[in-house]
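Visitor: Residue numbers (the numbering used here), protein chains in the order written: chain A, -14 to 245; chain B, -14 to 245.
The beta-carbon is built from N, C-alpha and C at its ideal position, and this holds for glycine as well.
First the structure, which I've put down as structure tokens, then a few questions once you've had a look.
2 protein chains.
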Amino acid sequence: MKTGDWGGGFVKEQRHELILGELARRGAVSVAALAQRLGVSEATIRRDLDELARLGKVHRTHGGALSADPREELPLNLKATSYAAEKRRIGLAAAALIQPGQVVGCSGGTTVAHVATALRGKRVVVVTNALNIALELATSEEAEVIVTGGTLRGRSLELVGHVAERTFRELYVDVAVIGVDGISLEQGLTTYHLSEAQTNRVLMEQARQVWVVADHSKVEKVTPAYIGPLSRVSRFITDTDAPAPFLDELRRRGIDVVCA
Amino acid sequence: MKTGDWGGGFVKEQRHELILGELARRGAVSVAALAQRLGVSEATIRRDLDELARLGKVHRTHGGALSADPREELPLNLKATSYAAEKRRIGLAAAALIQPGQVVGCSGGTTVAHVATALRGKRVVVVTNALNIALELATSEEAEVIVTGGTLRGRSLELVGHVAERTFRELYVDVAVIGVDGISLEQGLTTYHLSEAQTNRVLMEQARQVWVVADHSKVEKVTPAYIGPLSRVSRFITDTDAPAPFLDELRRRGIDVVCA
DNA sequence: ACGCATACGCTCGATTTTGTTCGTTTTTGG
DNA sequence: CCAAAAACGAACAAAATCGAGCGTATGCGT
């Protein structure tokens, strides 16, 4: 088999990652759909599912599987997130722009988690209100991690509320890396949940520079909760599929745009 | 080696660098693709991958390799902990004694993590300084989780320091569930790390009741850092292999002993 | 120059993985 | 409740991959 071109040739473990990712996002998968999506026979998918079931990671059903371990639904498995490749590049690009010794504030979200992964090995201080970001850096010898504390917001693993905001206010950060669910010329930065938006806003206020990271699917999208205006953003890091006109307009407004 | 080539002549270290780079970028590599890309035989790639695997830098698979996930070293997989069965029973027993609506403070440690797992589905408020405990409850619809914040202490996933202690002091908990590395009649409660001991002590001070959970291997053991005296403990929950004389002495001192 | 160590490619039998076929079980839809 | 359709599991065959052994080349020190 010729592997290595694009995403056609997967080894078993990659399929498992993808299956778990699909499961984390949708909660259920079907044998037929996975077989087609991954370009392998249904027998192979059944064997994969059986193996994952033996490991207790999925709950097998007729025609597919359900997620078994509730923790699998958490955004901890970075390889399994949507646009994982793009986000990885974004993370690497963002981390490369961080100077040693700087204090970096990180909001939640899987894109920011990729930034955190790329920050491992760099001598930095990371302040975050997201447990998945803290977890990414927990095994780093170099990075120091400060968690804000706060009330845990279920699936997103973000800490919000009075405790989180107060801790953020006690600290000044060189760079705030903000993950958003929508970035729009008209509506600015938005996310899905009000409490997270509020916490992010506090982080932005404490930062010398505000960097926004988001894959192209977030561009020109507006979600319910308003975080802040584009005027506070000093840099936007996205992938190469982001529409050029949008990026040009950002540049015209003085924002440094990076395409990874 | 034929050095006269183009860029195809790599020495081992260069290949290793390139493999790790590719792995960091894509998350997975295949033997065949690497062999073609680097212009060497597949046998050489296998040797490279085996060597990198011995160094713990990659995770070997059939047909290629995945980037070694450093998160696997974290105490997140409860089933893989030592004395998992005993700890699970301890967790269930402890959780059964918690009343709905109570506020529970949880320290770190895998035994306490099992308590947290058993608390999922109960309507309680959990205050904790340990990320693994917060994660166990993140998907719970019933339990509310408050994380103290603080400086992340590497592998143990505990938050310590000024922020953690201040948040604890702001709250009163009905029950503090403390995990210890040693419990001794003479030396009281001990753990391995001073900072964690200090944080646990603050939690104990804020609790109406202090429960200690530990499997039998911790009994009559003393570890470097002192947490507090047995006199503050109101209940000790352990497994059935704990030595009876020790438990009798605890009972004599007015501690409620539960063997799960 | 010689010997030695290291790195590499090649071959070949063993192992793992995958696809296919076929009889059986489960689900679905009257 | 019954029959068609879908899904399953087991068995087998083909392909890919692996590991080990062996020979060769290159570099290095004596």
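Under 8 Å between beta-carbons, which chain B residues line up against Ala123/A? List them in chain order, please.
Guide: Position 138 of the first sequence, counted from the start, is the residue given in the question as residue 123/A. Near Ala123/A (Cβ distances below 8 Å), the residues of chain B are Arg56, Leu59, Leu116, Leu137, Gly139, Arg140 and Leu142.
Visitor: Going by CA-CA distance only, name the one from Arg236/B, Arg31/B, Cys244/B and Ala98/B that's closest to Glu226/B.
Guide: On the second sequence, position 241 is the one that residue 226/B refers to. Here the sequence assigns Asp to residue 226/B, which means Glu is not the residue at that position. The residue with the shortest Cα to Cα distance from Asp226/B is Cys244/B.
Visitor: If the criterion is Cβ atoms closer than 9 Å, does the pair Val198/B and Gly164/B meet it?
Guide: By one-based count along the second sequence, residue 198/B stands at place 213. By one-based count along the second sequence, residue 164/B stands at place 179. Yes, the pair counts as a contact, with Cβ atoms nearer than the cut-off.
Visitor: The beta strand (DSSP E) that contains Val243/A, what's its start and end?
Guide: Taking the first sequence and counting its residues from 1, the one referred to as residue 243/A is at position 258. From DSSP, the beta strand (DSSP E) with Val243/A extends over Asp241 to Cys244.
Visitor: Compute the Euclidean distance between the alpha carbons of Thr133/B and His47/A, then round it to the nearest angstrom.
Guide: Here residue 133/B is taken as the residue at index 148 of the second sequence, counted from 1. Here residue 47/A is taken as the residue at index 62 of the first sequence, counted from 1. Distance between the alpha carbons of Thr133/B and His47/A: 43 Å.
Visitor: Using a Cβ-Cβ cutoff of less than 6 Å, which residues in the same chain neighbour Asp(-10)/B once the five nearest sequence positions on both sides are dropped?
Guide: Taking the second sequence and counting its residues from 1, one reaches residue -10/B at position 5. Note on Asp(-10)/B: pLDDT 36, under 50, position unreliable in the model; the coordinate value appears next. Closer than 6 Å at Cβ, skipping near neighbours: no residue.
Visitor: In this structure, what does DSSP give as the bridge partners for His44/B?
Guide: Here residue 44/B corresponds to residue number 59 of the second sequence, with the count starting at 1. Paired residues: Leu51/B.
Visitor: Pull out every residue of the stretch 211 to 223 of chain A whose Cβ sits closer than 9 Å to any Cβ of chain B, in chain order.
Guide: none
Visitor: Just the C-alpha distance for Ala69/B and Asp224/B, rounded to the nearest angstrom, thanks.
Guide: Counting from one through the second sequence, the residue named residue 69/B turns up at place 84. Counting from one through the second sequence, the residue named residue 224/B turns up at place 239. The straight-line gap from Cα to Cα measures roughly 11 Å.
Visitor: Checking 9 Å against the spacing of the C-beta atoms, do Thr102/B and Glu121/B come in under that value?
Guide: Numbered from its first residue, the second sequence carries residue 102/B at position 117. Numbered from its first residue, the second sequence carries residue 121/B at position 136. In this structure, Glu121/B lies closer than 9 Å to Thr102/B by Cβ.
Visitor: Does the Cβ of His99/B have 16 or more other Cβ atoms within 10 Å, making it buried, or fewer, making it exposed?
Guide: As a working mapping, residue 99/B is identified with position 114 in the second sequence. Buried, since its Cβ has 16 or more Cβ neighbours within 10 Å.
Visitor: Quick one: grab the DSSP three-state call for Glu(-2)/B.
Guide: By one-based count along the second sequence, residue -2/B stands at place 13. Glu(-2)/B falls in the helix class under three-state DSSP.
Visitor: I believe Asp200/A touches Ile75/A by the beta-carbon criterion, under 8 Å. Please report the beta-carbon distance rounded to the nearest angstrom.
Guide: Locating residue 200/A in the first sequence gives position 215, counting from the first residue. Locating residue 75/A in the first sequence gives position 90, counting from the first residue. Yes, they are in contact, since the Cβ atoms of Asp200/A and Ile75/A sit about 7 Å apart, within 8 Å.
Visitor: Just to confirm before moving on: does the CB-CB distance between Glu7/B and Val(-4)/B stay below 9 Å?
Guide: As a working mapping, residue 7/B is identified with position 22 in the second sequence. As a working mapping, residue -4/B is identified with position 11 in the second sequence. In this structure, Val(-4)/B does not lie closer than 9 Å to Glu7/B by Cβ.
Visitor: Taking Gly135/B as part of the beta strand (DSSP E), name the residues at either end of that continuous run.
Guide: Start at 1 with the first residue of the second sequence, and residue 135/B comes out as number 150. Gly135 to Arg138 is the extent of the beta strand (DSSP E) around Gly135/B.
Visitor: Going by beta carbon distance, what residues of the same chain come within less than 8 Å of Gly(-8)/A, once the five residues before and after it are set aside?
Guide: Start at 1 with the first residue of the first sequence, and residue -8/A comes out as number 7. Reliability fails at Gly(-8)/A, whose pLDDT of 38 lies under 50, so the model's placement of it is uncertain and no value is given.
Visitor: Counting only the same chain and skipping the five closest in sequence on each side, list residues whose C-beta sits under 8 Å from that of Ile83/B.
Guide: Within the second sequence, residue 83/B is the residue found at index 98, counting from 1. The answer, listed in chain order, is Val89, Leu104, Lys107, Val109 and Val160.
Visitor: Is the beta carbon of Gly135/B sitting closer than 9 Å to the one on Val148/B?
Guide: Translated into the one-based positions of the second sequence, residue 135/B becomes position 150. Translated into the one-based positions of the second sequence, residue 148/B becomes position 163. The answer is yes: Cβ separation under 9 Å.
Visitor: Please list the residues of the stretch 10 to 21 of chain B that have a C-beta atom closer than 9 Å to any C-beta atom in chain A, keeping them in chain order.
Guide: Arg10, Arg11, Gly12, Ala13, Val14, Ser15, Val16, Ala17, Ala18, Leu19 and Gln21
Visitor: Apart from the five residues on each side of it in sequence, which residues of its chain come closer than 7 Å, Cβ to Cβ, to Ala182/A?
Guide: To locate residue 182/A, count along the first sequence from 1; it is residue 197. Once the five neighbours on either side are set aside, the close Cβ partners of Ala182/A are Thr176, Ala210, Tyr211 and Ile212.
Visitor: So what's Ala210/B in DSSP terms, helix, strand or just coil?
Guide: Locating residue 210/B in the second sequence gives position 225, counting from the first residue. Residue state, collapsed to three classes: strand.
Visitor: Only counting runs of 3 or more residues, tell me where the beta strand (DSSP E) segments fall wholly within the stretch 88 to 144 of chain A, in order along the chain.
Guide: 88 to 91, 110 to 113, 129 to 132 and 135 to 138
Visitor: Within the same chain, show all residues whose beta-carbon is closer than 8 Å to that of Arg236/B, passing over the 5 residues directly before and after it, in chain order.
Guide: Residue numbering aside, residue 236/B sits at position 251 when the second sequence is read from its first letter. Val242, listed in sequence order.
Visitor: Would Val43/A pass as an interface residue toward chain B - the criterion being a Cβ-Cβ separation below 9 Å?
Guide: Residue 43/A sits at position 58 when you count from the first residue of the first sequence. So no, Val43/A is outside the interface.
Visitor: Apply the 10 Å Cβ neighbour rule to Glu2/A and answer buried if 16 or more other Cβ atoms are within range, or exposed otherwise.
Guide: Within the first sequence, residue 2/A is the residue found at index 17, counting from 1. With 16 or more other Cβ atoms within 10 Å, it is buried.
Visitor: Using the beta-carbon count (16 or more within 10 Å), is Ala81/B buried or exposed?
Guide: Residue 81/B sits at position 96 when you count from the first residue of the second sequence. Label assigned to Ala81/B: exposed.
Visitor: Starting from the C-beta of Ser26/A, find all residues in its chain whose C-beta is less than 8 Å away, skip the five residues before and the five after it, and write them out in chain order.
Guide: Here the question's residue 26/A lines up with position 41 in the first sequence. Closer than 8 Å at Cβ, skipping near neighbours: Ala20.
Visitor: Taking CB distances under 9 Å as the criterion, tell me whether Gly134/A reaches chain B.
Guide: If you number the first sequence from 1, residue 134/A lands on position 149. Answer yes: the Cβ-Cβ gap between Gly134/A and chain B drops below 9 Å somewhere.
Visitor: Along the chain, which unbroken stretches of the beta strand (DSSP E) at least 3 residues long are found entirely within the stretch 141 to 182 of chain B?
Guide: 143 to 145, 158 to 164, 167 to 169 and 173 to 176
Visitor: Leu82/A by DSSP, collapsed to three states: which one?
Guide: Within the first sequence, numbered from 1, the residue matching residue 82/A stands at position 97. If DSSP states are grouped into helix, strand and coil, Leu82/A belongs with coil.
Visitor: Please list the residues of the stretch 98 to 115 of chain B that have a C-beta atom closer than 7 Å to any C-beta atom in chain A, keeping them in chain order.
Guide: none
Visitor: Just the Cα atoms here: how many angstroms apart are Arg56/B and Glu126/B?
Guide: By one-based count along the second sequence, residue 56/B stands at place 71. By one-based count along the second sequence, residue 126/B stands at place 141. Roughly 26 Å separates the two Cα atoms.
Visitor: How would you call Glu155/B, buried or exposed, if buried means at least 16 neighbouring beta carbons within 10 angstroms?
Guide: Translated into positions along the second sequence, residue 155/B becomes position 170. The residue is exposed, with fewer than 16 neighbouring Cβ atoms inside 10 Å.
Visitor: Tell me whether Ser15/B sits in a helix, a strand or coil according to DSSP, three-state version.
Guide: Working through the second sequence from its first residue, we reach residue 15/B at position 30. Here Ser15/B sits in strand by DSSP.
Visitor: Counting contacts by CB-CB distance shorter than 9 Å, is Lys72/B in contact with chain A?
Guide: Counting from 1 along the second sequence, the entry for residue 72/B is found at position 87. No - not a single Cβ of chain A is within 9 Å of the one on Lys72/B.
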